Amino acid sequence: MAKNLKIKKVLLLGSGALKIGEAGEFDYSGSQAAKALKEEGIEVVLINPNIATIQTSHELVSRVYFLPVTPYFAE
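For reference, each letter of the sequence shown is one residue, going -15 to 59 in this note's numbering.
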């Protein structure tokens, strides 16, 4: 896939509030997306209300907002 060199920053919408037993898959896929973007030199800004996820690690993302994943907060 060709790289789009114009992309400098990405807003990643986290998995949001989860039920017990379903957090692992969503957290893993989101953290892998953040890792891949960071490796490409793209700044990752994350919105995720769940503080107990790997996605919220500052090693993976540049900035974290612990807010609900809704259109109101994503704008």
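Quick reminder that beta carbons are idealized off the backbone N, C-alpha and C, glycines included. Quick caveat, the model's predicted, so the values are computed rather than measured.
Please name the residue, chosen from Tyr49, Val45, Ala58, Lys(-8), that lies closest to Gln16 on a Cα-to-Cα basis. Val45
Would you mind reading off the limits of the alpha helix (DSSP H) that contains Ala58? 55 to 58
Restricting to Cα atoms, I'd like to know which of Lys22, Lys(-10), Ile(-9), Tyr12 is closest to Arg47. Lys22
Could you round the C-beta distance between Leu(-4) and Gly25 to whole angstroms and report it? I think they count as a contact, below 8 Å. With a Cβ gap of about 15 Å, Leu(-4) and Gly25 do not count as contacting.
By DSSP's criteria, Lys124 is part of a beta bridge. Which residues make up the other side? What is shown of the chain runs -15 to 59, which leaves residue 124 out entirely.
Inter-residue Cα distance where the pair is Val49 and Tyr56: According to the sequence as given, residue 49 is Tyr; it is not Val. About 13 Å.
I believe Lys(-8) touches Glu27 by the beta-carbon criterion, under 8 Å. Please report the beta-carbon distance rounded to the nearest angstrom. 6 Å
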